[in-house]
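Residue numbers (the numbering used here), protein chains in the order written: chain A, 11 to 419; chain B, 34 to 304.
Report on one structure; see the data block that follows.
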């Protein structure tokens, strides 16, 4: 038998997903019929917004004047010295209004909700960053806001819960399942099917049924587009490597996507390694899971042999999710992005290091990227450059950190 | 002729509406389900819908969600559902059985392997809540190859275009979700159900079952005037919290309660 060897062709990254939201075999619309009309409406509205000059101009204006973009690309000299190797640059999404990259997406979806005439916003949240960003947009647009949050996460992220309440949102504790992000997502979906006429569901990550993965990505690619031109301005070159943490994967896809066609740029998505991937107690579906269907899309999942979703563990609530955006699943399979994990311990160490040597307190989620980025830098040459996405600031995590360090605040 | 087609033909001849109870497999205990299934047939069930539990039942309300958690506490797998149906078939070869669940437990087995095992144990139809026709390119042929009916949902928000897509792939019957929301949600507006079911019937030449929001004999009888089948779930499943179903007397209490509800619905449907 003769084997036909296929010539490797660079995929057209900008052409993904297809009409039904597929990234290769991943993504899609695995939703109940009760949601289909709402998803169709959303897809049509988003398609319109994408080419609507007024919408895009408003989005850009809000990102500049309300969010405070562009966020700096900061050369972290002290961190570079500490890691000993490649130059480390931090993309400072922590400096955005509300303290994380999440606001880029909620501004976009908030404007879309307004355009569609919706009066009520719902959202799910894990670490609370997306909940805060949604509540912020709802306050600004004068919309009612309900945020679903796992009962467990409400304890872990108390400051953010209070912040959402101050902003006028109602925070609903989700007591079902593992009481974390995945269960909050289930509950928000249930709200949406019930109140579909006046309600807009702002999903916070690049997961969920089509068009969410593509839409959220598009709103987040501002991160990568800015980073690319900032690196060009500062050094006249492309970075050699990109590093970002991956829970659902929105900050990572936002940074990676504008660089996908630049073959020289190596990319690392860092999952929540928990107590170690080998222990099974982690949140790293791309490192150790397998493809399945959850929350409206096909992607890598953490599941048991019967196809039941299993509980995840990460010190960071924002990474504590058993699935991942379908585009990441595809990028893993085609080998464009490397997916790795950083453990709780490594992330905590990186948290303290960055805080002490640069005076920047990173979110626990972002600390995973910092941990891997430092390890990676040590293996590279001093003339090479890494961009680490500092997706959020760590103020929300100080209770967790104090707890771990045995300190009472 | 499939068991489902035969049953609907027989009901049509007798001018009767099908009564389809839904219960979750192994809820509240694995030992409850088999005697319950036989009792439901005795109480007037024409078809049984058996829930296969999933950890993340997005389209279900709190009652069915809790049922899935109780079932999963016994580590109920799709193989357990198959064994249960196999046992049921030893003494009842006529009552059609439909399995209702979510895609991932099927996906993990592979569509073909799932379909072969489901057909072998005597399952007749499959409702996969999160599998819409647009994604069902491999799924539908896999089921049909084994003589299983792929049953799809339609909703008040279903457009003509999507009704046509369901018409192209569905067999057995079509399940109309009578209200916006999750299973077990509030009240139901009969006149809007009537209008929508009539529209669906113009496009789909299959029996139409109506479910979600049917809570008593009265609402069942009303829905029966415009549909071929009435599906009841949450109102039955609520009774699974009466006890843990660990002993024979405990199970008898649950079985009696559910049989009584079904019997009252049966007589309301038939009068």
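C-beta: ideal position from N, C-alpha, C; glycine also.
Remember, predicted model here, so these are calculated numbers, not experimental data.
By how many angstroms is the C-alpha of residue j removed from the C-alpha of residue i?
i, j, result
"residue 254(A)", "residue 290(A)", "22 Å"
"residue 236(A)", "residue 81(A)", "8 Å"
"residue 57(B)", "residue 341(A)", "38 Å"
"residue 126(A)", "residue 152(B)", "46 Å"
"residue 364(A)", "residue 379(A)", "11 Å"
"residue 55(B)", "residue 143(B)", "25 Å"
"residue 128(A)", "residue 212(A)", "12 Å"
"residue 149(A)", "residue 174(A)", "10 Å"
"residue 85(B)", "residue 102(B)", "11 Å"
"residue 54(A)", "residue 251(B)", "40 Å"
"residue 343(A)", "residue 205(B)", "38 Å"
"residue 277(B)", "residue 186(A)", "19 Å"
"residue 27(A)", "residue 279(B)", "50 Å"
"residue 124(A)", "residue 407(A)", "32 Å"
"residue 272(B)", "residue 294(B)", "10 Å"
"residue 73(A)", "residue 43(A)", "35 Å"
"residue 95(A)", "residue 352(A)", "19 Å"
"residue 298(B)", "residue 249(B)", "7 Å"
"residue 389(A)", "residue 377(A)", "19 Å"
"residue 265(A)", "residue 209(A)", "30 Å"
"residue 12(A)", "residue 346(A)", "Confidence at residue 12(A) is low in this model, with a pLDDT of 44, below 50, so the placement of that residue is unreliable and no value is reported for it."
"residue 256(B)", "residue 233(B)", "15 Å"
"residue 51(A)", "residue 163(A)", "32 Å"
"residue 417(A)", "residue 303(A)", "41 Å"
Throw me the rounded Cβ distance for the residue i and residue j pair, which I believe falls under 8 Å.
i, j, result
"residue 215(A)", "residue 177(A)", "About 20 Å; that fails the 8 Å criterion."
"residue 60(B)", "residue 104(B)", "5 Å"
"residue 262(B)", "residue 50(B)", "6 Å"
"residue 419(A)", "residue 240(A)", "Actually they are not in contact, since the Cβ atoms of residue 419(A) and residue 240(A) sit about 36 Å apart, beyond 8 Å."
"residue 184(A)", "residue 168(A)", "Incorrect: roughly 16 Å between the Cβ atoms, too far for contact."
"residue 98(A)", "residue 387(A)", "5 Å"
"residue 41(A)", "residue 49(A)", "6 Å"
"residue 159(B)", "residue 138(B)", "Incorrect: roughly 11 Å between the Cβ atoms, too far for contact."
"residue 252(A)", "residue 274(A)", "About 11 Å; that fails the 8 Å criterion."
Just mark residue i as buried or exposed, buried being the case when its beta carbon has 16 or more other beta carbons within 10 Å.
i, result
"residue 34(B)", "exposed"
"residue 282(B)", "exposed"
"residue 123(B)", "exposed"
"residue 108(B)", "exposed"
"residue 93(A)", "buried"
"residue 222(B)", "exposed"
"residue 64(A)", "exposed"
"residue 163(B)", "buried"
"residue 320(A)", "exposed"
"residue 284(B)", "buried"
"residue 61(A)", "exposed"
"residue 213(B)", "buried"
"residue 112(A)", "buried"
"residue 225(B)", "exposed"
"residue 217(A)", "buried"
"residue 24(A)", "exposed"
"residue 92(B)", "buried"
"residue 197(B)", "exposed"
"residue 292(A)", "buried"
"residue 119(A)", "buried"
"residue 207(A)", "exposed"
"residue 222(A)", "buried"
Ignore the nearest five residues each way along the sequence and tell me which others in residue i's own chain have a CB closer than 8 Å to its CB.
i, result
"residue 325(A)", "282, 284, 354, 357, 358, 374, 410 and 414"
"residue 350(A)", "278, 279, 280, 281, 297 and 382"
"residue 301(A)", "35, 36, 308, 309, 310, 311 and 339"
Return the chain-ordered list of same chain residues with a C-beta closer than 6 Å to the C-beta of residue i, the five sequence neighbours on each side being excluded.
i, result
"residue 298(A)", "287"
"residue 186(B)", "208 and 210"
"residue 257(A)", "328, 329 and 331"
"residue 114(A)", "229, 230 and 232"
"residue 102(A)", "81, 82, 84 and 400"
"residue 179(A)", "145, 155 and 157"
"residue 262(A)", "254, 256 and 279"
Excluding the 5 residues preceding and the 5 following residue i in the sequence, name in chain order all residues of the same chain whose CB lies nearer than 7 Å to its CB.
i, result
"residue 254(B)", "301 and 302"
"residue 228(B)", "none"
"residue 288(B)", "68, 69 and 72"
"residue 144(A)", "116, 131, 133, 155, 157 and 212"
"residue 135(B)", "87, 90, 161, 162 and 163"
"residue 14(A)", "Summary for residue 14(A): the model assigns pLDDT 48, below 50, so the residue's position carries little reliability; its value from the coordinates is reported in the next sentence. So the list is empty, once near-sequence residues are dropped."
>> Could you tell me which whole alpha helix (DSSP H) segments of length 4 or greater appear in the stretch 68-151 of chain A?
In response: Every alpha helix (DSSP H) stretch that sits fully inside the stretch 68-151 of chain A and reaches 4 residues is listed by chain position as 87-93, 112-125 and 139-151.
> Which runs of the beta strand (DSSP E) fall wholly inside the stretch 235-261 of chain A and span at least 3 residues, in chain order?
Replying inline: With a minimum length of 3 residues, the continuous beta strand (DSSP E) runs that stay inside the stretch 235-261 of chain A are 251-256.
> What beta strand (DSSP E) runs, 3 residues minimum, are completely inside the stretch 192-221 of chain A?
Replying inline: Counting only runs of 3 or more, we get 209-212.
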